[in-house]
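A short worksheet on the structure shown next.
The structure is reproduced here in structure tokens:
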């Protein structure tokens with residue numbers, strides 16, 4: 001029961017954190033009209049994952065291991081790209097928000113609207129298939145195929161429910177803090193989350209042997225932070241921290257955090273500087289790979 | 001409009017390659033037919049595989065977590081490092097399946113309860129089964145038919161065994177020894193026809209069919225042969241007849257075990273290799289027990305059992321015959337001829353419609369003849385499984 005609960009919690013947190021920040025951002029920046037797009041993306045990802053998972057579980061054909069890992073891995077890395085874009089977009093529009101360029105915001109939002117759907121979809125969908133397969137397995141157990149216990153399904157459902165609840169609480173907390181702090185903190189959190197997702201995606205690809213180096217571990221703290229424990233679950237669910245991390249994961253994480261954080265805080269500093277110049281020059285550094 | 005197109009493109013982008021990488025699910029009939037499904041039980045301190053060998057091609061692992069922690073199942077290459085396939089998030093009480101296209105090689109399966117460490121490892125040998133190991137549609141249909149027909153046969157025999165045992169037990173407990181002695185060999189025929197299936201239940205077979213000579217230290221002797229001795233008490237050694245209460249005890253137990261057996265058999269399904277190996281092991285039963293007269297040492301009704309074992313093997317063979325005819329016609333006609341030879345030799349000893357002479361009536365030359373005929377059949381029959389599963 002507890003173990004299944006923790007799986008549900010972990011998978012749930014992985015999906016909710018990005019979505020919650022996105023929702024909080026839209027609410028704070030007073031663009032509630034874009035919320036349906038986010039929820040649409042979430043709903044689509046949930047529906048596709050559940051349908052695809054059911055098809056693979058109950059249908060005539062299953063999915064090969066390499067294919068499943070590659071889906072998870074590629075989607076994760078694509079998700080990183082979109083979350084990174086989102087962080088920078090938020091940072092830039094924070095500047096516009098603090099100024100009086102409302103018109104420009106709407107232009108950015110129009111371009112970003114389509115992407116919002118994708119961010120929400122990817123955040124939920126990248127691990128959606130694995131979660132769906134897990135949930136259907138629990139459903140099978142509850143339905144009595146080879147088992148007949150509702151315990152695992154109940155546990156998984158409670159875990160997912162807890163993740164949603166935690167997400168809601170995080171949202172309530174996030175919308176209360178002031179705008180400048182909000183952008184700085186959520187941006188930094190998102191970068192850490194995205195770095196974890198990047199590492200996770202790379203690990204999936206290593207497992208599928210698309211990338212090498214699965215056995216070259218940078219560190220293994222599984223004995224201190226057990227993957228099945230509460231702390232392991234929370235760390236994995238939020239930051240995608242893996243107790244046994246390969247060198248490729250570790251190096252990618254450090255590089256990503258190093259580069260993205262630098263760019264992000266440079267943008268934030270720029271935002272906080274009293275703005276006399278028009279927005280155009282301020283945008284260039286964020287976009288260029290400096 | 002734009003975001004809908006994007007979303008649709010993403011859905012397609014994810015699902016199309018995924019569908020292209022699909023593999024058949026465990027529910028498809030072909031898995032059950034050729035030993036390609038391996039049940040894995042992952043507990044907190046063990047990782048049991050239902051088989052440590054498998055044919056190359058598509059394999060389906062069904063991993064059940066019976067422990068308290070979340071577990072994972074990995075199939076590593078022989079080096080124990082390269083992951084061939086894995087499945088994660090197997091919560092307690094859950095079963096997940098893993099489909100693998102495995103080449104002939106040695107693999108290292110591992111369960112990781114608690115999701116850490118190198119896992120509880122063992123070894124899995126995948127043997128060459130000829131290409132992908134997938135049967136053509138026509139052959140597959142024959143295989144399915146063979147499996148279904150054999151299942152029906154086993155269930156029917158088991159049902160007759162149960163009905164017969166009821167009659168036998170009733171006669172025996174009521175003291176009608178003459179009737180019990182008549183029923184004994186004819187009811188046991190149903191047991192002997194499906195003996196390998198019954199023996200596959202390791203807990204029932206020793207309770208139901210143990211011979212006195214084979215008892216292990218401390219094992220209580222019960223079942224058919226215990227009652228046999230009581231019905232045909234030995235004249236050359238002191239024997240105390242069972243009391244009425246003792247008779248009832250043994251009889252009730254035999255009936256209860258037969259009921260359990262019948263219940264379990266109802267849930268069985270069979271695969272081609274089980275049927276083929278079953279035929280072979282029936283022949284082995286004949287060679288080691290019946291031809292030597294050791295099986296029915298008190299009643300000497302060995303020839304009934306002999307015939308019944310041959311019947312069971314023949315049914316198994318006939319079921320697989322259409323498949324074998326396509327794959328190895330020479331072997332098919334050889335086995336058929338040897339069956340006929342053995343059956344006609346055995347027919348010399350028939351008495352009445354379905355009876356046989358006492359084993360004691362056979363002289364050593366006749367026993368030798370029978371034994372040779374059994375071996376002559378046993379040899380090509382041992383190639384049956386390999387021939388039909390290739």
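Residue numbers (full-length UniProt numbering), protein chains in the order written: chain B, 1 to 290; chain U, 1 to 390.
Cβ atoms here follow ideal geometry from the backbone N, Cα and C, with glycine treated the same way.
Note that the structure is a prediction, hence the values are computed from the model and not measured.
Check	Outcome
As an exercise, report each continuous beta strand (DSSP E) stretch of at least 3 residues that is fully enclosed by the segment 123-171 of chain U, in chain order.	124-127
Identify which residue in 73/B, 6/B, 21/B has its Cα closest to the Cα of residue 184/B.	21/B
With a threshold of 7 Å between beta-carbons, can residue 7/B be considered close to chain U, or not?	yes
Using a Cβ-Cβ cut-off of 7 Å, state whether residue 219/B counts as contacting chain U.	no
State yes or no: is the C-beta of residue 312/U within less than 7 Å of the C-beta of residue 151/U?	no
Helix, strand or coil for residue 205/U per DSSP?	helix
With residue 63/U as the anchor, note down where its beta strand (DSSP E) starts and where it stops.	57-65
Give the interface partners of residue 151/U over in chain B, defined as CB-CB distance under 9 Å, in chain order.	Simply none; closest approach about 19 Å.
Return the first residue and the last residue of the beta strand (DSSP E) that residue 95/U is part of.	95-102
Report back the beta-carbon spacing between residue 276/U and residue 241/U to the nearest angstrom; my notes put them in contact at under 8 Å.	Not quite, the Cβ-Cβ distance comes to about 44 Å (not below 8 Å), so this is no contact.
Helix, strand or coil for residue 75/U per DSSP?	strand
DSSP state of residue 103/B, grouped into three classes?	Unreliable positioning characterises residue 103/B in this predicted model, as indicated by a pLDDT of 48, which lies under 50. The coordinate reading is nonetheless provided below. Of the three classes helix, strand and coil, the one that applies to residue 103/B here is helix, per DSSP.
Could you give the first and the last residue of the continuous alpha helix (DSSP H) run that contains residue 334/B?	With chain B covering 1 to 290 only, the question about residue 334/B has no answer from this structure.
For the segment 83-106 of chain U, enumerate the residues whose C-beta is nearer than 9 Å to any C-beta of chain B, in chain order.	83, 84, 85, 86, 87, 88, 89, 90, 91, 92, 93, 94, 95, 96, 97, 98, 99, 100, 101
If you check the beta carbons only, do residue 53/B and residue 129/B fall under 7 Å apart?	yes
Looking at the unbroken beta strand (DSSP E) that takes in residue 241/B, where does it start and where does it end?	Element bounds for residue 241/B: n/a, residue is neither H nor E.
Would a check of beta-carbon distances place residue 84/B closer than 7 Å to chain U?	no
By DSSP, does residue 355/U sit in helix, in strand, or in coil?	strand
Of all the CB atoms in chain U, is at least one closer than 7 Å to the CB of residue 271/B?	no
Verify the CB distance criterion: does residue 116/U have a CB-CB separation below 7 Å to chain B?	yes
Looking only at C-alpha atoms, which of 139/U, 217/U, 155/U, 247/U sits nearest to residue 177/U?	247/U
Check each candidate in 205/B, 265/B, 29/B and name the one with the smallest Cα separation from residue 66/B.	205/B
Against chain U, which members of the segment 65-82 of chain B pass a CB distance test of less than 9 Å?	65, 66, 67, 68, 69, 70, 71, 74, 75, 78
Does residue 152/B come within less than 7 Å of chain U when only Cβ atoms are used?	yes
Taking just the CA atoms, how far does residue 153/U sit from residue 298/U?	29 Å
Is it true that the segment 208-218 of chain B meets the segment 158-177 of chain B, where meeting means three or more beta-carbon pairs spaced less than 8 Å apart?	no
Is residue 272/U close to chain B? Criterion is C-beta to C-beta, closer than 7 Å.	no
Hey, is the segment 100-117 of chain U in contact with the segment 221-228 of chain B, meaning 3+ C-beta pairs nearer than 8 Å?	yes
Counting only beta-carbon atoms, is residue 222/B nearer than 7 Å to chain U?	yes
Along chain U, which residues have their Cβ under 7 Å away from the Cβ of residue 228/B?	69, 70, 114, 115
Do residue 159/B and residue 93/U count as a contact pair if the criterion is CB distance below 7 Å?	no
Determine, for residue 142/B, whether the minimum Cβ-Cβ distance to residues of chain U falls below 7 Å.	no
Quick one, which of 371/U, 329/U, 256/U, 370/U has its alpha-carbon nearest residue 163/U's?	256/U
Specify the secondary structure class of residue 90/U as computed by DSSP and reduced to three states.	strand
Here's the rule: buried if 16 or more other CB atoms are within 10 angstroms of the residue's CB, otherwise exposed. What is residue 179/B?	exposed
Quick one, which residues of the segment 208-229 of chain U are near chain B if we go by CB-CB under 8 Å, in chain order?	none
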